[in-house]
Amino acid sequence: MLTVSKLSKVLPDGKPLLKEVSFEVGEGEMVGILGLSGVGKTVLLRCLNRLTEPDGGDVFLKYNGTVLDVAGWRDRELREIRRHFAMVFQSFNLVGRLTALENVLVGRLGCMSTLKGIVGRFSEEDKDAALSYLERLGVGHIAHRRAETLSGGEQQRVAFARARFQGCHVLLADEPVANLDPRTADEVMMQLAEITEAGGICTLAVMHQPDLVRKYCQRVLGIKDGVVVYDGKADLSDEDLDYIYDRKAADASKVA
Amino acid sequence: MKTSITSTIEKLPTLPKWLRLRYFAWLLGIGAFVGACIYLRFSPQALVEGIPNMVKFVRQLFPPDVSVLPSLLKPAMDTVLMAAVATVIAATLSLPLAVLAAGNTGMPRVLRMGSRFGVEVVRVVPDVVLALVFITAVGLGPFPGTLAMAIHSIGMLGKLYREAMEEIDPGPPEAVAAVGATRLQVVRFAVLPAVLPSLVGDTLYRFDINVRSSIIIGFVGAGGIGYRLIVAMRLFKYRELLMILMVVFAIIWLTEKGSDRLRKMIIAEPLLR
Chain A
1 MLTVSKLSKV LPDGKPLLKE VSFEVGEGEM VGILGLSGVG KTVLLRCLNR LTEPDGGDVF
61 LKYNGTVLDV AGWRDRELRE IRRHFAMVFQ SFNLVGRLTA LENVLVGRLG CMSTLKGIVG
121 RFSEEDKDAA LSYLERLGVG HIAHRRAETL SGGEQQRVAF ARARFQGCHV LLADEPVANL
181 DPRTADEVMM QLAEITEAGG ICTLAVMHQP DLVRKYCQRV LGIKDGVVVY DGKADLSDED
241 LDYIYDRKAA DASKVA
Chain B
257 MKTSITSTIE KLPTLPKWLR LRYFAWLLGI GAFVGACIYL RFSPQALVEG IPNMVKFVRQ
317 LFPPDVSVLP SLLKPAMDTV LMAAVATVIA ATLSLPLAVL AAGNTGMPRV LRMGSRFGVE
377 VVRVVPDVVL ALVFITAVGL GPFPGTLAMA IHSIGMLGKL YREAMEEIDP GPPEAVAAVG
437 ATRLQVVRFA VLPAVLPSLV GDTLYRFDIN VRSSIIIGFV GAGGIGYRLI VAMRLFKYRE
497 LLMILMVVFA IIWLTEKGSD RLRKMIIAEP LLR
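Here the protein sequences come in this chain order: A and B. For the first sequence, our numbering assigns the number 256 to the last residue and increments by one with no breaks. For the second sequence, our numbering assigns the number 529 to the last residue and increments by one with no breaks.
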């Protein structure tokens with residue numbers, strides 16, 4: 001279980017972006033994050049695996065009876081923590097000149113020493129495992145193609161395979177389907193839901209498609225003005241959406 | 257809203273003031289250029305009057321003295337080898353320096369500044385000057401010339417490599433860091449694959465330049481065909497000179513073609529596995 005407590009982040013200009021954000025995500029649960037652009041959804045995700053340093057609050061990850069305190073660690077310990085947090089991106093962020101399989105293998109670097117990782121000799125076991133993850137997501141046939149030659153849908157599936165291969169307990173997805181056509185987006189979201197459930201992973205997905213959120217997420221966090229204004233079932237009403245997206249206010253100002 | 261838009265439009269006609277300033281800047285620039293030419297005693301007249309002399313010189317070049325060709329093969333090979341060895345040394349040393357110097361590899365500040373400064377310093381000294389310095393240390397021959405080119409090339413390649421690294425998309429390195437990879441692993445798996453084509457291109461381009469440089473460096477006695485060229489010139493052996501120039505031309509043309517082909521081969525193949 002992922003527990004986020006009073007997480008806050010202040011922008012360089014001193015304005016608070018996130019104000020004591022607290023929530024929990026259970027194992028096998030997929031939570032959609034909705035909110036206006038610039039509200040700090042991406043920063044929230046990045047504070048969880050500390051690609052961005054939060055200014056306050058706690059993050060705990062509980063798995064297999066261990067509790068991991070994310071805050072305060074550096075270097076080796078920080079790398080250890082990041083292994084448990086996989087991240088997938090809107091623009092996929094695969095290494096274009098490496099093959100799909102190599103991109104999946106990169107997921108294992110967190111468990112390897114610097115030297116072993118740099119030599120880049122992955123064991124046959126690792127290669128088989130990486131390939132099996134690709135196959136399970138239906139992209140085994142493109143394993144030996146360079147990532148830059150793949151379609152968006154294929155690239156995001158490779159990124160999912162990397163996350164699975166990494167052995168993560170938390171999956172942070174930053175607009176995972178924003179660059180995909182509607183049909184592929186639907187398929188990819190379905191696979192994300194399957195991965196979440198099968199792996200008992202806590203998944204947080206920043207989304208801009210309320211319909212996909214209603215269809216595949218179990219819960220929704222609505223973020224507005226730096227605080228969680230909605231935390232509940234994913235079948236949110238249009239009024240809820242209007243509130244999260246501040247649409248009433250926009251209408252009102254138009255009239256005035 | 258409306259008022260601000262109309263007021264900007266009304267302001268447009270006041271632009272000519274700027275235009276006049278720009279005019280002035282152009283006039284100043286052209287004036288400075290003409291002044292510099294006069295100072296440098298540019299004289300089209302002298303050039304035209306000198307044409308007969310040039311024709312006389314060119315006629316003395318022909319026919320090329322083919323008999324010296326066999327004796328030119330070794331110096332020609334020296335020239336190419338000097339350039340190749342210098343480029344390999346420079347590339348090998350420039351890569352780690354560039355990784356340390358790049359702003360996006362997360363290296364400690366001290367190392368970053370140190371390697372930047374080092375690369376900056378060696379770039380300032382021209383390779384011919386370095387060659388003269390090394391000749392005083394180790395004597396005439398290809399070794400001081402190669403060393404000079406290698407060191408100067410570090411200054412150039414170190415900078416080009418670093419710039420290539422700093423220009424890459426930050427996304428993939430961040431994704432690799434996010435799985436818990438160390439900084440060097442991020443370099444190996446995200447930065448190097450992305451910059452490989454640029455590095456290959458920069459290096460082979462540097463080799464092309466070094467082939468030319470090693471001819472010039474030969475002038476000061478640091479080995480290669482350049483030395484033969486300057487000697488032939490000093491001794492007024494113009495027919496031999498033409499033969500040497502033809503070999504020089506062939507060297508440059510062939511190495512350029514060769515490096516072009518090599519570049520295409522390397523970039524098509526995913527080398528980093």
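Built from N, CA and C at the ideal position, the CB exists for glycine as well. In this text, all values refer to a predicted model and were calculated from it rather than measured experimentally.
(message) Please report the straight-line C-alpha distance between C111/A and A437/B, rounded to a whole angstrom.
(response) Within the first sequence, residue 111/A is the residue found at index 111, counting from 1. Within the second sequence, residue 437/B is the residue found at index 181, counting from 1. Near 8 Å, if we compare the C-alpha coordinates of A437/B and C111/A.
query: Excluding the five sequence neighbours on either side, which residues of its own chain have a C-beta within less than 6 Å of the C-beta of K62/A, listed in chain order?
result: As a first step, residue 62/A is located in the first sequence; it is residue number 62 there, counting from the start. Excluding residues within five positions, the ones whose Cβ falls inside 6 Å are M1.
Cα separation between R121/A and R83/A? Translated into positions along the first sequence, residue 121/A becomes position 121. Translated into positions along the first sequence, residue 83/A becomes position 83. Cα to Cα, the separation comes out at about 19 Å.
**Item:** Cross-strand partners of C111/A (DSSP beta bridge)
**Value:** What you label residue 111/A is simply residue 111 of the first sequence in a count that begins at 1. None; C111/A has no bridge partner.
Endpoints, beta strand (DSSP E) assigned at L171/A: To locate residue 171/A, count along the first sequence from 1; it is residue 171. Where L171/A is concerned, the enclosing beta strand (DSSP E) stretches over 170-174.
**Asked** Helix, strand or coil: which one does DSSP assign to K15/A?
**Response** To locate residue 15/A, count along the first sequence from 1; it is residue 15. Residue state, collapsed to three classes: coil.
Next on the checklist: Is V435/B close to chain A? Criterion is C-beta to C-beta, closer than 7 Å.
Outcome noted: Indexing the second sequence from 1 puts residue 435/B at position 179. For V435/B, the answer is yes, since a Cβ of chain A falls inside 7 Å of its Cβ.
Does the beta-carbon distance from A347/B to R418/B come in below 7 Å? On the second sequence, position 91 is the one that residue 347/B refers to. On the second sequence, position 162 is the one that residue 418/B refers to. Not in contact: A347/B and R418/B (Cβ atoms no closer than 7 Å).
Is DSSP giving V177/A helix, strand or coil here? In the first sequence, counting from the first residue as 1, residue 177/A sits at position 177. In this structure, V177/A counts as coil in the three-state DSSP scheme.
| request: Leaving out five residues on either side along the sequence, give the residues of the same chain with a beta carbon under 7 Å from the beta carbon of I523/B. | output: Start at 1 with the first residue of the second sequence, and residue 523/B comes out as number 267. Around I523/B: P453, V456.
Would DSSP call C293/B helix, strand or coil?
Numbered from its first residue, the second sequence carries residue 293/B at position 37. C293/B: helix per DSSP, three-state reduction.
| task | Assuming A147/A and L134/A form a contact by the criterion Cβ under 8 Å, report the distance between their Cβ atoms to the nearest whole angstrom. | result | By one-based count along the first sequence, residue 147/A stands at place 147. By one-based count along the first sequence, residue 134/A stands at place 134. Actually they do not touch by this definition, with Cβ atoms about 12 Å apart.
Checklist entry - If you drop the 5 nearest sequence neighbours on each side, which residues of the same chain put their C-beta closer than 7 Å to that of I500/B? => result Position 244 of the second sequence, counted from the first residue, corresponds to residue 500/B. Excluding residues within five positions, the ones whose Cβ falls inside 7 Å are L328, I481, R484, L485, A488.
| Going by Cα to Cα distance, which pick from S409/B, G414/B, V435/B is closest to F165/A? | Locating residue 165/A in the first sequence gives position 165, counting from the first residue. The shortest C-alpha separation from F165/A is found at V435/B.
Stretch pair the segment 402-415 of chain B + the segment 70-80 of chain A: three plus CB contacts closer than 8 Å | no
Check: When the Cα of V224/B is compared with those of L416/B, A393/B, P300/B, which residue comes out closest?
Finding: With chain B covering only 257 through 529, there is no way to say anything about residue 224/B.
### Message
Below 8 Å on the Cβ atoms is my contact criterion, and I expect R145/A with T99/A to pass it. Report the Cβ-Cβ distance as a whole number of Å.
### Response
Counting from 1 along the first sequence, the entry for residue 145/A is found at position 145. Counting from 1 along the first sequence, the entry for residue 99/A is found at position 99. That pair is a contact at about 6 Å.
According to the neighbour-count rule (16 or more other Cβ atoms, all chains shown, within 10 Å of its Cβ), is C293/B buried or exposed? Numbered from 1 along the second sequence, position 37 holds the residue referred to as residue 293/B. Looking at its Cβ environment, which holds fewer than 16 other Cβ atoms inside 10 Å, C293/B is exposed.
Open item on the list: Starting from K9/A, trace the beta strand (DSSP E) in both directions and tell me its first and last residue.
Closed with: Here the question's residue 9/A lines up with position 9 in the first sequence. First-last of the beta strand (DSSP E) with K9/A: 2-10.
Q.
Give me the DSSP bridge partner(s) of Y259/A.
A. Because residue 259/A is not part of the residues shown, which for chain A are 1 to 256, the question remains open.
| said: Just to confirm the assignment: which complete alpha helix (DSSP H) runs, minimum length 4, are found wholly within the segment 489-527 of chain B? | reply: 494-524
Note down the Cα distance separating G140/A from Q441/B, rounded to an integer number of angstroms.
The count along the first sequence starts at 1 and reaches residue 140/A at position 140. The count along the second sequence starts at 1 and reaches residue 441/B at position 185. Each residue's alpha carbon lies about 25 Å from the other.
Check your understanding: Is the beta carbon of L353/B sitting closer than 7 Å to the one on V381/B?
Key -> Your numbering for residue 353/B matches position 97 in the second sequence. Your numbering for residue 381/B matches position 125 in the second sequence. Result no, Cβ atoms of L353/B and V381/B do not sit closer than 7 Å.
Check your understanding: Are Q218/A and A234/A touching if we call contact CB-CB under 7 Å?
Key -> Walking along the first sequence from the start, residue 218/A turns up at place 218. Walking along the first sequence from the start, residue 234/A turns up at place 234. Cβ atoms of Q218/A and A234/A: closer than 7 Å.
Evaluate N64/A with the Cβ neighbour count: other Cβ atoms within 10 Å of its Cβ, from every protein chain shown; 16 or more gives buried, anything less gives exposed.
Position 64 of the first sequence, counted from the first residue, corresponds to residue 64/A. Looking at its Cβ environment, which holds fewer than 16 other Cβ atoms inside 10 Å, N64/A is exposed.
Whose CA, out of M333/B, V341/B, A342/B, V311/B, lies closest to the CA of L510/B? Position 254 of the second sequence, counting from 1, holds the residue named residue 510/B. It is M333/B.
Can F89/A and D174/A be called in contact, C-beta distance under 7 Å?
Taking the first sequence and counting its residues from 1, one reaches residue 89/A at position 89. Taking the first sequence and counting its residues from 1, one reaches residue 174/A at position 174. The answer is yes: Cβ separation under 7 Å.
Query raised in the report: So P320/B packs on M521/B, CB below 8 Å; how close in whole Å?
Result: To locate residue 320/B, count along the second sequence from 1; it is residue 64. To locate residue 521/B, count along the second sequence from 1; it is residue 265. With 8 Å as the limit, P320/B and M521/B do not qualify as a contact, their Cβ atoms being about 34 Å apart.
Exercise for review: For the beta strand (DSSP E) containing G57/A, list its first residue and its last residue.
Suggested key: Translated into the one-based positions of the first sequence, residue 57/A becomes position 57. G57/A -> beta strand (DSSP E) spans 56-63.
Can you check whether the CB of V39/A is closer than 7 Å to the CB of I244/A? Residue 244/A sits at position 244 when you count from the first residue of the first sequence. Residue 39/A sits at position 39 when you count from the first residue of the first sequence. No, the Cβ-Cβ distance between I244/A and V39/A is not below 7 Å.
Using a Cβ-Cβ cut-off of 8 Å (strictly less than) and excluding sequence neighbours within five positions of V106/A, which residues of its own chain qualify?
Reading the first sequence from its first residue, position 106 is the one you call residue 106/A. Contacts found: V95, L98, R162.
- Query: Do the CB positions of L137/A and R157/A come within less than 7 Å of each other?
  - Reply: Taking the first residue of the first sequence as 1, we reach residue 137/A at position 137. Taking the first residue of the first sequence as 1, we reach residue 157/A at position 157. In this structure, R157/A lies closer than 7 Å to L137/A by Cβ.
Requested in this report: Could you check what DSSP says for L241/A in three-state terms: helix, strand or coil?
Outcome: The residue labelled residue 241/A in the question sits at position 241 within the first sequence. Correct three-state label for L241/A: helix.
- prompt: Does the segment 378-393 of chain B come close enough to the segment 464-478 of chain B that 3 or more CB-CB pairs lie under 8 Å?
  reply: yes
- Query: Counting only runs that start and end within the segment 85-167 of chain A, where is the beta strand (DSSP E) found for 3 or more residues in a row?
  - Reply: 85-88
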